[in-house]
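Below is one structure, written out as structure tokens; comments come after it.
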Amino acid sequence: MSGSAAPAQAATQTPFYQIYRRSALGTALVEALDELINSGHINPQLALMTLSQFDKSASQALQKDVKAKATVKAHLSTYRHIDEVWTFILQNPTFKLENNADVVTVDGKCRIVACKSGDAPAK
Numbered sequence: 231m232s233g234s235a236a237p238a239q240a241a242t243q244t245p246f247y248q249i250y251r252r253s254a255l256g257t258a259l260v261e262a263l264d265e266l267i268n269s270g271h272i273n274p275q276l277a278l279m280t281l282s283q284f285d286k287s288a289s290q291a292l293q294k295d296v297k298a299k300a301t302v303k304a305h306l307s308t309y310r311h312i313d314e315v316w317t318f319i320l321q322n323p324t325f326k327l328e329n330n331a332d333v334v335t336v337d338g339k340c341r342i343v344a345c346k347s348g349d350a351p352a353k
């Protein structure tokens, strides 16, 4: 049950991307569900339904609750746009949040993935 950038189909047939499954929280959820399946406590179909709900909830929570803006400075190593998914590979990026004096610098590469939201107008 590994995550990908492919959309997952929720109960309402609205696609939600599976990219949040690769986050720390998503990885922990996948590992917990795998343990529950292997121990016979749940069936694989319930695990898939749980992951679909996680995809939907993570996307909606970030869209609704995160209002902070950030400034990013970096060398753009690679970018691509496939199936409404933008991927940017940045080299040695620096992040500064709008209302925070802290600056976060990453040594090495950082990947940013941006997906079209379900309510975004089509071009």
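Here our numbering runs 230 ahead of the position in the sequence shown, where the first position is 1. Using N, Cα and C, we set each Cβ at its ideal position, and we do this for glycine too.
> Which word fits VAL296, buried or exposed, when buried means at least 16 other C-beta atoms lie within 10 angstroms of its C-beta?
Replying inline: The count along the sequence shown starts at 1 and reaches residue 296 at position 66. So VAL296 ends up on the exposed side.
> Nearest-angstrom Cα distance between ALA300 and ASN330?
Replying inline: For the purposes of this step, residue 300 is taken as residue 70 along the sequence shown, with counting starting at 1. For the purposes of this step, residue 330 is taken as residue 100 along the sequence shown, with counting starting at 1. About 9 Å.
> Would DSSP call LYS286 helix, strand or coil?
Replying inline: Counted from its first residue, the sequence shown places residue 286 at position 56. LYS286: helix per DSSP, three-state reduction.
> My guess is that PHE354 and VAL343 are in contact by the Cβ rule of under 8 Å, so how many angstroms apart are they, rounded?
Replying inline: Past the edges of the chain, shown from 231 to 353, lies residue 354, and the structure says nothing about it.
>> For PHE246 and PHE284, what's the separation of their Cα atoms in angstroms?
In response: Residue 246 sits at position 16 when you count from the first residue of the sequence shown. Residue 284 sits at position 54 when you count from the first residue of the sequence shown. For PHE246 and PHE284, the distance between alpha carbons rounds to 9 Å.
>> Assuming ARG251 and LEU281 are in contact, meaning their beta carbons sit under 8 Å apart, how far apart are those beta carbons, in whole angstroms?
In response: Within the sequence shown, numbered from 1, the residue matching residue 251 stands at position 21. Within the sequence shown, numbered from 1, the residue matching residue 281 stands at position 51. Between LEU281 and ARG251 the Cβ distance is about 7 Å, and since that is below 8 Å, they are a contact.
> For LYS299, which three-state DSSP category applies?
Replying inline: Taking the sequence shown and counting its residues from 1, the one referred to as residue 299 is at position 69. Reduced to three states, the DSSP call for LYS299 is coil.
> Got a sec, what are the start and stop residues for the beta strand (DSSP E) ASN268 sits in?
Replying inline: Counting from one through the sequence shown, the residue named residue 268 turns up at place 38. No beta strand (DSSP E) contains ASN268, which is instead part of the alpha helix (DSSP H) from 254-268.
>> I'd like the span of the beta strand (DSSP E) that includes GLN321, first residue to last.
In response: Numbered from 1 along the sequence shown, position 91 holds the residue referred to as residue 321. Element bounds for GLN321: 315-327.
>> For a quick check, are the C-beta atoms of LEU255 and ALA277 less than 8 Å apart?
In response: Position 25 of the sequence shown, counting from 1, holds the residue named residue 255. Position 47 of the sequence shown, counting from 1, holds the residue named residue 277. For LEU255 and ALA277, no; Cβs fall outside 8 Å.
> Which residues does DSSP pair with VAL333 in a beta bridge?
Replying inline: Within the sequence shown, numbered from 1, the residue matching residue 333 stands at position 103. BP columns for VAL333 point to LYS326.
> Of the choices LYS286, PHE318 and VAL333, whose alpha-carbon is the least far from that of ARG341?
Replying inline: The sequence position of residue 341 within the sequence shown is 111, counting from 1. Among LYS286, PHE318 and VAL333, the Cα nearest to that of ARG341 is on PHE318.
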